[in-house]
Amino acid sequence: MKELLQLFWSFALIGTMTFGGGYAMLPMFIREIVDKRKWATYDEMLDYYALSQCTPGAIAVNTATFIGYRRRGAAGAAAATLGVVLPSLLIIVVIAMFLSNFMDIAWIGHAFAGIRIAVCALIISTVVSLLRRNADTWLKAGIAAVSFACVAFAGLSPIYLTVAFALFGALYYGRRREA
Amino acid sequence: MTLFWLAFEYFKAGLFAVGGGLATLPFLMEMSQTHPGWFSMDELMNMIAVSESTPGPIGINMASYVGYHVAGFAGAVVATFSLVLPSYIVVMIVVRILDRFRANRRVSGGLEGLRPAVTGLIAAAGFSVLWASVVRVTDGVSQFQWLAFVLFLCFLTAMQFKPFQKLHPILFIAAGAVLGVVFNL
Numbered sequence: 001m002k003e004l005l006q007l008f009w010s011f012a013l014i015g016t017m018t019f020g021g022g023y024a025m026l027p028m029f030i031r032e033i034v035d036k037r038k039w040a041t042y043d044e045m046l047d048y049y050a051l052s053q054c055t056p057g058a059i060a061v062n063t064a065t066f067i068g069y070r071r072r073g074a075a076g077a078a079a080a081t082l083g084v085v086l087p088s089l090l091i092i093v094v095i096a097m098f099l100s101n102f103m104d105i106a107w108i109g110h111a112f113a114g115i116r117i118a119v120c121a122l123i124i125s126t127v128v129s130l131l132r133r134n135a136d137t138w139l140k141a142g143i144a145a146v147s148f149a150c151v152a153f154a155g156l157s158p159i160y161l162t163v164a165f166a167l168f169g170a171l172y173y174g175r176r177r178e179a
Numbered sequence: 180m181t182l183f184w185l186a187f188e189y190f191k192a193g194l195f196a197v198g199g200g201l202a203t204l205p206f207l208m209e210m211s212q213t214h215p216g217w218f219s220m221d222e223l224m225n226m227i228a229v230s231e232s233t234p235g236p237i238g239i240n241m242a243s244y245v246g247y248h249v250a251g252f253a254g255a256v257v258a259t260f261s262l263v264l265p266s267y268i269v270v271m272i273v274v275r276i277l278d279r280f281r282a283n284r285r286v287s288g289g290l291e292g293l294r295p296a297v298t299g300l301i302a303a304a305g306f307s308v309l310w311a312s313v314v315r316v317t318d319g320v321s322q323f324q325w326l327a328f329v330l331f332l333c334f335l336t337a338m339q340f341k342p343f344q345k346l347h348p349i350l351f352i353a354a355g356a357v358l359g360v361v362f363n364l
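Rendered as structure tokens:
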């Protein structure tokens, strides 16, 4: 029971304090789930992100379900998922009730512009530490560069890239282990 | 009856929208046509803007907003949980399959190929947020926001130093909000 509450609380904190959707939530996931609670390793976190990309639904929610299920089965998955969803639901309902012109309020607009910049810096510095871990060979650095370029400049859907590189990994890295 | 249709439409979106929150967008556009009374395109754009700037996953925010707009608090709850339910079930199935085959060399090889790819995807997401923050388009003319870019560099540099790395990301986000108001970003 205690761990269920901890799951709910950790994910509610992540849900309340992250701006910019699924990918922007990764720095917070790493801080809360990997560094503080030790519920997953860096590598597992990335695996969950990759799989969340290929399963239906919001990435952050799926990642929460993955981790919750790993810790405490279906109940853990429910606690983590509720945690990440409830803050959003309540915040949006409050905004919809009282602030129909929410984004037109000048200082709120400025505050959000500043938040976006902080979020960018958080994402990029997370990417730097992920590259240190996961791009330790030229080939892997190449994979990271190709998937970055295809999405950032060619506007390709991330789903194709995750599927393509999963297949590539199964064929290339999977074969190597045979020897 | 409206609640039933909300549940139905969102369950559908939750089951088929693969690739993160914004993937529900095409489903929302379809909804505005199949259920003309629910919301207009303009209202949808407004709801997307709010969903992108408030905390939490964007897909969930949009579901809560649309649900509330269509059928009040009950609508928000029904839409949100109908969206989440299919992925909740699918993810649990995937975990079970993954656990059974994790030792398989093809599966672990696949994951090894995925990790750098996902790192690239996250970099792309960061880049697109950065681009939207430092290049502002007004009346068709794009302007480079020097101040925003310098602030970004300051944040990024600070984060590479040990004492700052120990700080919780929430503090950086709060600092961003304060600086945004101070500098009129």
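Chain order of the listed sequences is A and B. Residues 1 to 179 (our numbering) make up the first sequence, in order. Residues 180 to 364 (our numbering) make up the second sequence, in order. Glycine is no exception: its CB is placed at the ideal position from the N, C-alpha and C atoms.
CA nearest to the CA of residue i, picked from the options
{"i": "Arg-275/B", "options": "Gly-73/A, Val-84/A and Val-94/A", "result": "Gly-73/A"}
{"i": "Thr-63/A", "options": "Ala-75/A, Lys-36/A and Phe-29/A", "result": "Phe-29/A"}
{"i": "Ile-292/B", "options": "Tyr-48/A, Gly-169/A, Ile-14/A and Lys-36/A", "result": "Residue identity check: residue 292/B is Gly in the sequence provided, not Ile. Out of Tyr-48/A, Gly-169/A, Ile-14/A and Lys-36/A, Gly-169/A has the C-alpha closest to the C-alpha of Gly-292/B."}
{"i": "Gly-22/A", "options": "Ser-321/B, Ser-232/B, Val-361/B and Ser-312/B", "result": "Ser-232/B"}
{"i": "Ala-58/A", "options": "Val-146/A, Ala-111/A, Cys-120/A and Thr-81/A", "result": "Thr-81/A"}
{"i": "Val-257/B", "options": "Ala-353/B, Ala-311/B, Ser-219/B and Glu-188/B", "result": "Glu-188/B"}
{"i": "Trp-184/B", "options": "Ala-282/B, Leu-204/B and Ser-211/B", "result": "Ser-211/B"}
{"i": "Ile-33/A", "options": "Ile-95/A, Ser-157/A, Phe-165/A and Ala-12/A", "result": "Ala-12/A"}
{"i": "Leu-139/A", "options": "Ala-296/B, Ala-282/B and Leu-262/B", "result": "Ala-296/B"}
{"i": "Arg-285/B", "options": "Phe-165/A, Phe-66/A and Leu-130/A", "result": "Phe-165/A"}
{"i": "Glu-44/A", "options": "Leu-277/B, Ser-219/B and Pro-205/B", "result": "Leu-277/B"}
{"i": "Cys-333/B", "options": "Val-163/A, Ser-125/A, Lys-36/A and Arg-31/A", "result": "Ser-125/A"}
{"i": "Leu-262/B", "options": "Lys-191/B, Gly-319/B, Met-180/B and Phe-362/B", "result": "Lys-191/B"}
{"i": "Gly-83/A", "options": "Leu-7/A, Asn-134/A, Thr-55/A and Phe-112/A", "result": "Leu-7/A"}
{"i": "Phe-246/B", "options": "Tyr-49/A, Leu-89/A, Tyr-48/A and Ala-60/A", "result": "Reading the sequence as shown, one finds Gly at residue 246/B and not Phe. Here the closest residue by C-alpha is Leu-89/A."}
{"i": "Asn-101/A", "options": "Met-180/B, Met-224/B and Thr-181/B", "result": "Met-224/B"}
{"i": "Gly-114/A", "options": "Thr-213/B, Phe-362/B and Leu-194/B", "result": "Phe-362/B"}
{"i": "Leu-326/B", "options": "Ile-95/A, Gly-76/A and Ile-117/A", "result": "Ile-117/A"}
is_contact[residue i, chain D] using C-beta, thresh 8 Å
{"i": "Ile-91/A", "result": "This model lacks chain D altogether; the protein chains it does include are A and B."}
Straight-line Cα distance separating residue j from residue i
{"i": "Phe-343/B", "j": "Leu-350/B", "result": "10 Å"}
{"i": "Trp-39/A", "j": "Leu-46/A", "result": "13 Å"}
{"i": "Ala-356/B", "j": "Gly-20/A", "result": "14 Å"}
{"i": "Pro-27/A", "j": "Trp-217/B", "result": "36 Å"}
{"i": "Trp-107/A", "j": "Tyr-172/A", "result": "52 Å"}
{"i": "Leu-364/B", "j": "Arg-71/A", "result": "42 Å"}
{"i": "Ile-91/A", "j": "Gly-359/B", "result": "21 Å"}
{"i": "Val-151/A", "j": "Val-313/B", "result": "19 Å"}
{"i": "Thr-16/A", "j": "Pro-87/A", "result": "6 Å"}
{"i": "Phe-260/B", "j": "Trp-310/B", "result": "33 Å"}
{"i": "Pro-205/B", "j": "Gly-305/B", "result": "23 Å"}
{"i": "Ala-186/B", "j": "Val-249/B", "result": "12 Å"}
{"i": "Asp-221/B", "j": "Leu-335/B", "result": "36 Å"}
{"i": "Leu-167/A", "j": "Val-308/B", "result": "29 Å"}
{"i": "Lys-36/A", "j": "Ser-266/B", "result": "26 Å"}
{"i": "Met-271/B", "j": "Val-329/B", "result": "44 Å"}
{"i": "Val-197/B", "j": "Tyr-48/A", "result": "14 Å"}
{"i": "Thr-213/B", "j": "Ser-219/B", "result": "12 Å"}
DSSP three-state assignment for residue i, whether helix, strand or coil
{"i": "Phe-182/A", "result": "Limits of chain A in this structure are 1 at one end and 179 at the other, which puts residue 182/A out of reach."}
{"i": "Phe-66/A", "result": "helix"}
{"i": "Phe-153/A", "result": "coil"}
{"i": "Phe-362/B", "result": "coil"}
{"i": "Phe-19/A", "result": "strand"}
{"i": "Ala-179/A", "result": "Because the pLDDT of Ala-179/A is 45, which lies under 50, any placement of that residue in the model is unreliable, and the number read from its coordinates should be weighed accordingly. Of the three classes helix, strand and coil, the one that applies to Ala-179/A here is coil, per DSSP."}
{"i": "Met-1/A", "result": "coil"}
Nearest-angstrom beta carbon gap, residue j and residue i [assumed within contact, 8 Å]
{"i": "Ile-143/A", "j": "Gly-299/B", "result": "7 Å"}
{"i": "Ser-243/B", "j": "Ile-237/B", "result": "11 Å between Cβ atoms; not a contact."}
{"i": "Met-208/B", "j": "Met-226/B", "result": "That belief does not hold up - the Cβ atoms of Met-208/B and Met-226/B are roughly 12 Å apart, past 8 Å."}
{"i": "Phe-252/B", "j": "Val-93/A", "result": "6 Å"}
{"i": "Leu-156/A", "j": "Pro-348/B", "result": "The pair is not a contact, with the Cβ atoms about 29 Å apart (cut-off 8 Å)."}
Proximity test, residue i beta-carbon vs the ligand ATP heavy atom, cut-off 7 Å
{"i": "Phe-331/B", "result": "What this structure holds is no ligand at all, so the ligand ATP is not there to describe."}
Entirely within the segment 278-335 of chain B and at least 3 residues each: give me those beta strand (DSSP E) ranges in chain order. Listed in chain order, the complete beta strand (DSSP E) runs (minimum 3 residues) inside the segment 278-335 of chain B are 314-317 and 320-323.
Ignoring anything shorter than 3 residues or poking outside the segment 186-269 of chain B, list the beta strand (DSSP E) runs there in chain order. Whole beta strand (DSSP E) segments, 3+ residues: zero.
Start-end ranges of the beta strand (DSSP E) lying completely within the segment 64-109 of chain A, minimum 3 residues: Within the segment 64-109 of chain A, no complete beta strand (DSSP E) run reaches 3 residues.
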